[in-house]
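>
Protein chains: 2
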Amino acid sequence: MEADMSDLSAYLKSVAQQIDGMIEKNFTHAGGELDRASAHLLSAGGKRLRPAVVMLSADAIRHGSSKDVMPAALALEVTHTFTLIHDDIMDGDSLRRGVPTVHTKWDMPTGILAGDVLYARAFEFICQSKADEGPKVQAVALLARACADICEGQHQDMSFEHRADVTEEEYMAMVAKKTGVLYAAAAAIGGTLAGGNPEQIRALYQFGLNTGIAFQIQDDLIDLLTPTEKSGKDQGSDLREGKQTLVMIIARQKGVDLLKYRHELSPADIKAAIQELTDAGVIDAVKKKAADLVADSNRLLMVLPPTKERQLIMDVGEFFVTRSF
Amino acid sequence: MEADMSDLSAYLKSVAQQIDGMIEKNFTHAGGELDRASAHLLSAGGKRLRPAVVMLSADAIRHGSSKDVMPAALALEVTHTFTLIHDDIMDGDSLRRGVPTVHTKWDMPTGILAGDVLYARAFEFICQSKADEGPKVQAVALLARACADICEGQHQDMSFEHRADVTEEEYMAMVAKKTGVLYAAAAAIGGTLAGGNPEQIRALYQFGLNTGIAFQIQDDLIDLLTPTEKSGKDQGSDLREGKQTLVMIIARQKGVDLLKYRHELSPADIKAAIQELTDAGVIDAVKKKAADLVADSNRLLMVLPPTKERQLIMDVGEFFVTRSF
């Protein structure tokens, strides 16, 4: 993390502690087996970035309102976790955040139900925020729309597995839904509950959408560039699986065929791929797309009052595209 | 259907037509594959009983408000359908309402996502009702709590499959969650959105809970007593599978062992089982439990104004426990 990110770093740490505390309080003393399955992945850690976006957006509209929207911040983390539990079933993944996935530790039916329970709890938490009733209804509608969009994004992402000709536009549309809209909803929900006006809420939504997309693009770069010992993820897994990421798509545009790396990869193979992509300008082109999205977002946020929190929100976007794991 | 049920019959028919029209408008012109999968079971028909309960409860509080709560009525049907889609995956069922289940016609991931899309849409529809904002938030919270409870009920129901010693209390608690709470939410949501006071809403909730439980008990009786050609369902399937229904549990209390029927059943086998259960007083005892639940519910509804709609709601309870398919 950059030196000038120390404020954000401290802020994110503080949010993570608060959210962890709420999870502990609301989930981990639960009684039945289904409650334990629902709490499993939530309690396994995570950066709690979506809650941070909810709280920063609220404070950027009305200083001090972040404490009132804490339940909504939790709702966003709970929503994110429900989508992970269901995605893990669909993708057949057995590990997540260093623990067995829910359907692996329990079984597929329990995985479906654990996700469904969290889905409901998210809407309950939204309703528990301290805010006017009208904004609460708006927040519910925003979260519901985001959930429907995320499903569509996941469905598109799965359909890409059978294709090698996904276009940049298709990829961007998929990522907007799969990853962007939940950040968009996080920012807009925080702003709405804090009493933001429609122009501010639109700006926050678009900020969240752009930076959410940039977040995913950066994730694709990390998969390629960051050694496993640093990221905790399997370096080059997208290459090996021939996944249609923005790196793969821009490479194809520039005449670099990455499908030849679709096999078990040695460190030398990965190094060669990175060199080839760097030489062809693919890495720089992908980085620029992410950076441009964040720069656009920052301009949008100029409709907010010039507070410390507005700067921290902008730093979130910067963090999303500079992090290396 | 009884002769004095003709008003209710006409009312239910009219609601079903309105809900079918809303489903047609909101779902069946949908574009993508996931939209088609989400619409599939919704469009395959159904009695639309939960929407009817929403609308009757609204009209019982404030005459004419049923048209304002139509989106919430649709939300209840959409919620019910999402639970069916996910249940069918968990239970491995391949047919529902005469059509292939979603995960059979598409695949398991699409089934999970189609259910998840409907889940989101339900909350969107609730927000679209014409009502004050406070009651809308309350309606969202009611629906969310019901969804979490339904998951718990389904989880309990699945756990019963491995047991032959389920008690009456356990069964009633499971059915309350799996079937009762959604009728409870339907009645309370209709009443809340129409501006009912807390006492009225509590009465409607409890009415829905009781009659929802009675509905499920009657379903268990129908499985046993109604010939396949009349019910469209496989007569005696619960017996064959050794399912822990109230019939099975009361039979055990009365010393009748139904586990001996846990095999392929001829019409003569089913007839013998019915005779044995009738002679031991099991059928009458089960019928009485359902009838008592409905009678208790009717008393609760005395806090509502004495309108035609209140009578129709009571008729719903009566219909639930007298229908033979």
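Protein sequence lines, in the order shown, are assigned to chains A and B. FYI, the numbering for the first sequence is 1279 to 1603, going by the working numbering. FYI, the numbering for the second sequence is 1279 to 1603, going by the working numbering. Note that beta-carbon positions come from the ideal geometry of N, C-alpha and C, so glycine has one too.
Taking just the CA atoms, how far does A:F1493 sit from A:V1459?
Across the structure, A:V1459 and A:F1493 are spaced so that their CA atoms are roughly 12 Å apart.
> By a C-beta neighbour count over all protein chains shown, 10 Å radius and 16 as the cutoff for buried, is B:K1586 buried or exposed?
exposed
> State the Cα-Cα distance for the pair B:I1428 and B:D1369, rounded to the nearest angstrom.
15 Å
> Should A:L1391 be flagged as near chain B, meaning a C-beta pair shorter than 7 Å?
yes
> Starting from the beta carbon of A:G1310, find every residue of chain B whose beta carbon is closer than 9 Å, and list them in chain order.
Under a criterion of Cβ atoms nearer than 9 Å, the residues of chain B adjacent to A:G1310 are, in order, E1430, H1433 and Q1434.
> Tell me, please, whether the CB atom of B:P1387 is closer than 7 Å to any CB atom in chain A?
yes
> So which residues on chain B does A:G1412 lean against when the C-beta distance must stay under 7 Å?
E1411
> What number of angstroms, rounded off, separates the C-alpha of A:F1598 from the C-alpha of A:T1489?
7 Å
> With DSSP collapsed to three states, give me the class of B:E1596.
helix
> Distance, Cα to Cα, B:E1554 vs B:V1534?
8 Å
> What is the DSSP secondary structure of A:L1543, reduced to helix, strand or coil?
coil
> Cα separation between A:Q1522 and A:S1602?
21 Å
> Anything in the stretch 1292-1316 of chain B with a Cβ closer than 8 Å to a Cβ of chain A? List those residues in chain order, please.
G1310, E1311 and L1312
> Near B:Y1483, which residues of its chain fall below 7 Å by C-beta distance, leaving aside the five closest residues on each side in sequence?
Once the five neighbours on either side are set aside, the close Cβ partners of B:Y1483 are A1462, A1465 and A1466.
> List the residues of chain A that B:M1368 touches, going by C-beta distances under 8 Å, in chain order.
M1386, P1387, I1390 and L1391
> Just how far apart, CA to CA, sit A:A1563 and A:D1547?
22 Å
> Going by DSSP, name the residue or residues bridged to B:L1373.
Beta bridge pairing from DSSP links B:L1373 with B:P1378.
> Less than 8 Å between the CB atoms is what I'm expecting for B:R1375 and B:L1354, so what's the real figure, rounded?
Not confirmed; about 17 Å, so no contact.
> Can you find the residues in the same chain that come closer than 6 Å, C-beta to C-beta, to B:A1400, ignoring five residues on each side of it along the sequence?
A1353, V1356 and T1357
> Consult DSSP for B:A1409 and reduce its assignment to one of helix, strand or coil.
coil
> Closest by CA to B:D1501, which one among B:G1520, B:F1485 and B:L1487?
B:G1520
> By the three-class DSSP mapping on this structure, what secondary structure does A:D1365 have?
helix
> Determine, using beta carbons only, whether B:G1473 and B:R1588 come nearer to each other than 7 Å.
no
> Give the secondary structure of A:K1586 by DSSP, where H, G and I count as helix, E and B as strand, and everything else as coil.
helix
> Short of 6 Å in beta carbon distance, which residues of its chain neighbour B:D1371, apart from the five on each side in sequence? Order them along the chain.
T1379
> Is there a Cβ from chain A that is less than 7 Å from the Cβ of B:V1347?
no
> Look up A:V1534 in the DSSP assignment and say whether it is helix, strand or coil.
coil
> Select from the stretch 1351-1367 of chain A all residues with a C-beta closer than 7 Å to any C-beta belonging to chain B, and list them in chain order.
H1364 and I1367
> When the Cα of B:N1576 is compared with those of B:M1592, B:L1582 and B:K1567, which residue comes out closest?
B:N1576 has its Cα closest to that of B:M1592, out of B:M1592, B:L1582 and B:K1567.
> Whole angstroms is fine: what's the gap from A:D1366's alpha carbon to A:H1381's?
8 Å
> Pick helix, strand or coil for B:S1321, following the three-state DSSP scheme.
coil
> Give me the Cβ distance between A:G1468 and A:A1336, rounded to the nearest whole Å; I'm assuming they're in contact under 8 Å.
4 Å
> Should A:L1312 be labelled buried (16 or more other beta-carbon atoms within 10 Å of its own) or exposed?
buried
> So which residues on chain B does A:A1398 lean against when the C-beta distance must stay under 9 Å?
Those are Y1397, L1421, A1422, R1423, A1424, C1425, A1426, D1427, I1428 and C1429, listed as they occur along chain B.
> Starting from B:D1394, find everything on chain A with Cβ-Cβ shorter than 9 Å and list it in chain order.
F1360, T1361, H1364, G1393, D1394, Y1397, C1425, A1426, I1428, C1429 and Q1432
> Quick one: give me the first and last residue of the alpha helix (DSSP H) that B:S1287 is part of.
S1284 to F1305
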